[in-house]
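Working notes, beginning with the structure itself.
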Amino acid sequence: MKIGRYIADKMYAFIIGGLSYLVILLMMFGFKVDKSLIIAVSIVMFISAILVLIIDIARKKKFYDELVSNTEGLDKKYLVLETIKKPHFYEGELLYDSLYDINKSMAETVNQYKISIDDFKDYIEMWIHEIKIPISSLTLIVHNYYHDSRVTNQIKRIEQYTEQVLYYVRSENVHKDYLINNVNLNKVVSSVAINNKDSILENNIEFSVNGCDKVVLTDAKWLEFILNQIMSNSIKYKKDKQSKIAISAEEEEDKIILSVHDNGIGIKESDLPKVFEKSFTGYNGRVKSKSTGMGLYIAKQLCTQLGHKIKIESKINEFTKVSIIFKKNNYYDVVR
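The numbering of the sequence shown is the working numbering, which starts it at 756 and goes up by one.
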């Protein structure tokens, strides 16, 4: 609390007090009160006013300084009431009680929204699991009776976008759904290759895997989804001729790096810092194909939750390389 601002705010009280003192002074002169008594009364009134001001400042300054300081120091500023004591002056009590009622109302409202959002997420997850059944049935029907690659591709896209929604819904609470374990990269890469087999063959992409006989600590299901998002982008933004996608792994002293390298159309240098941002489509997403801009964003979120790093390198019209970095953890090997 700034003393100058406080005194300026009390100016009306000083003016009224000064006018009152002048009226009393004139009355005492009118009644011909002894000068020594006038001086004594004036001194008492002046000292009393100063003491009232000092006591009022002392009581309020401590509370308001603490309120402002604690509010500035908190990330979640609505928790400030948990850090201060209820004051012992009336204005402060009114403020404290009002803030308490506001916080309580806000907490109840936020909780209602949270329950509503959680219910919606549960419904979405249930709906996605249900919709997967007819999608799988359609895939089998097309393979067995129609053999139309165009229909297969569209069904595949529906399946990918459905999976994307599911993992996006879960990405904020991935810790509730993952199981960290020793995972053989070959097994995950094989699943990803099988999942993208039709697209790889149809687009005549030269696909290779090298050095993936490594074991990392991760969740196999989540890692498979991340790789599928990266593979989907590599296929989507391939070159028209002699397209190549290579998945490789290399081991260093304290980490294992899994890379997906393609010789596609690449990414503009100005777009690279933003590719992991939510809904960012960039130049390629606007001119090459329609894109949601969510795949790499979700992949980044999941990698962060799992304790992995993901980075991307690219040069326009030459290549794109996406790397997932797994830290080694000897502690896990000891305690498991």
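Cβ atoms here follow ideal geometry from the backbone N, Cα and C, with glycine treated the same way.
Quiz item: Would you call the region 985–1002 and the region 1018–1033 touching, i.e. three or more CB-CB distances under 8 Å?
Solution: Yes, the region 985–1002 touches the region 1018–1033.
Exercise. Locate the beta strand (DSSP E) running through THR973, then write down its first and last residues.
Key: Run containing THR973: 970–973, per the beta strand (DSSP E) assignment.
Quiz item: When the distance is taken between beta carbons, is ASN950 closer than 8 Å to ASN988?
Solution: In this structure, ASN988 keeps its C-beta atom at 8 Å or more from the C-beta atom of ASN950.
Quiz prompt | For GLU961, the residue or residues it bridges with in DSSP | solution = Looking at the DSSP assignment, GLU961 forms a beta bridge with LYS999.
Quiz prompt | Per DSSP, cross-strand counterpart(s) of LYS1082 | solution = LYS1082 is bridged by DSSP to LYS1010.
Self-check item: Selected residue, minimal CA-CA separation from VAL778, among VAL944, ASN939 and SER797
Solution: Closest option to VAL778, Cα to Cα, is SER797.
Quiz prompt | Helix, strand or coil at HIS884 according to DSSP, with G and I counted as helix | solution = The answer is helix: DSSP assigns HIS884 an H, G or I state.
Exercise. Below 8 Å CB to CB, which residues in the same chain sit around ILE728 once its five sequence neighbours on both sides are set aside?
Key: Only positions 756 to 1091 of the chain appear in this structure, which leaves residue 728 out of reach.
Self-check item: Contacting residues, own chain, Cβ-Cβ under 6 Å from ASP1088 (five flanking each side not counted)
Solution: With a pLDDT of only 45 at ASP1088, under 50, the local geometry of the prediction cannot be trusted, and no value is derived from it.
Quiz item: Taking buried to mean at least 16 other C-beta atoms within 10 Å of its own C-beta, is VAL1015 buried or exposed?
Solution: Buried is the call here.
Practice problem: Taking 8 Å as the cut-off, decide whether the C-beta atoms of SER1078 and ILE1002 are in contact. | Solution: Contact annotation: SER1078 and ILE1002 have beta-carbon atoms that are not nearer than 8 Å.
Exercise. Put PHE801 into one of helix, strand or coil per three-state DSSP.
Key: Helix at PHE801.
Quiz item: Do you know how far the Cα of GLY1048 is from the Cα of ASN965?
Solution: Just so you know, the alpha carbons of ASN965 and GLY1048 end up roughly 29 Å apart.
Practice problem: Mark GLN919 as exposed unless 16 or more other C-beta atoms lie within 10 angstroms of its C-beta, in which case mark it buried. | Solution: With 16 or more other Cβ atoms from the protein chains shown falling within 10 Å of its own Cβ, GLN919 counts as buried.
Quiz item: What residues match up with VAL1074 in a beta bridge as DSSP calls it?
Solution: For the sequence presented, residue 1074 should be read as Phe rather than Val. Secondary-structure assignment with DSSP links PHE1074 through a beta bridge to LYS1070.
Quiz item: For ASN908, which three-state DSSP category applies?
Solution: Residue state, collapsed to three classes: helix.
Practice problem: For GLY847, I'd like the list of residues in its chain whose CB is within less than 6 Å of its CB, leaving aside the five on either flank, ordered along the chain. | Solution: In chain order, PHE818 place their CB closer than 6 Å to the CB of GLY847, counting only its own chain and leaving out the 5 sequence neighbours on each side.
Quiz item: Is the beta carbon of VAL944 less than 8 Å from the beta carbon of VAL971?
Solution: In this structure, VAL971 does not lie closer than 8 Å to VAL944 by Cβ.
Quiz item: Going straight from the alpha carbon of TYR761 to that of MET861, what length do you get?
Solution: If you take the alpha carbons of TYR761 and MET861, they lie about 31 Å apart.
Practice problem: Tell me whether ASP1017 sits in a helix, a strand or coil according to DSSP, three-state version. | Solution: Three-state DSSP puts ASP1017 in a strand.
Self-check item: Beta-carbon contacts of SER926 that lie in its chain and below 8 Å, excluding the five residues immediately before and after
Solution: Once the five neighbours on either side are set aside, the close Cβ partners of SER926 are ILE1053, GLN1056, LEU1057 and GLN1060.
Practice problem: Using only alpha-carbon positions, find the residue among LYS841, ASN958 and TYR900 that is nearest to LEU908. | Solution: For clarity, residue 908 is Asn in the given sequence; the question names Leu instead. Nearest option by C-alpha distance: ASN958.
Quiz item: Since ASP1017 and ILE1000 are thought to touch, with beta carbons under 8 Å apart, how far apart are those beta carbons, to the nearest angstrom?
Solution: Indeed they touch by this definition, with Cβ atoms about 5 Å apart.
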